[in-house]
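Residue numbers for the sequence shown follow our numbering, beginning at 443 and rising by one. Virtual Cβ for every residue (Gly too), placed ideally from N, Cα, C. Written below as structure tokens is the structure these notes are about.
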Amino acid sequence: MTCIKIASAVFFCHSYGVSYYTWGMLWIKAFHIVFVASWFAGLFYLPRIFVNLAMVPADSQAERERLLLMARKLLRFMTMIAVLALGLGLWLWLGWWRGAGGWLHAKLLIVALIIGYHHACAVLLRKIANGTDRHSHVWYRWFNEVPVLLLIAAVILAVVKPF
């Protein structure tokens, strides 16, 4: 088994007939999946905080402030995770794009929609914090289903590659 030393004492090894390029790309893909899963955890949870904020009684300022603090911290963390997920995805895309079919273009469209949803969450959080948002908790419950549909579409396109 031959190993190549990469920065900060990480080793990518050549074994079982896997080339250096493929072996390294598998590590990148693994971390991309971890960061995407983490990002989606935030995309699932942030709108749930919005549901709770929409249900806070007007006289419960402490509860509202606590939920807003949670939402802001989650959004900040989600954004950092999203940057890592997108950066690794870009790295994979640059290494793969020549052989990919139409599924990759469709997946990139889904990724653009996911980024748009993330941005919409940030805009909604600002409106909620300013007191200018008037959506009900029911609306936020439906809004919370959007990332589920986007995740299903992205996974099917990446795994099944239907076209």
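For residue 585, the closest alpha carbon among the candidates 599, 556, 598 is that of 556. Secondary structure within the region 459-503: the alpha helix (DSSP H) runs of 4 or more consecutive residues, fully enclosed, are 462-497 (chain order). Scanning its chain for C-beta atoms nearer than 6 angstroms, with the 5 sequence neighbours on each side dropped, one finds around residue 484 the residues 516, 520, in chain order. Fully enclosed alpha helix (DSSP H) runs of no fewer than 4 residues occupy 544-572, 579-585 of the region 524-598, in order along the chain. When secondary structure is reduced to three states using DSSP, residue 515 falls in the helix class. Residue 534 is positioned such that its CB atom lies no closer than 8 angstroms to that of residue 473.
Sixteen is the threshold: when 16 or more other Cβ atoms of the shown chains lie within 10 Å of the Cβ of residue 589, as they do, the residue is buried. For the set 518, 476, 597, 502, the Cα lying nearest the Cα of residue 568 is the one of 518. The beta carbon of residue 512 sits closer than 7 angstroms to the beta carbons of 491 from its chain, once the five residues preceding and following it are set aside; these are given in chain order.
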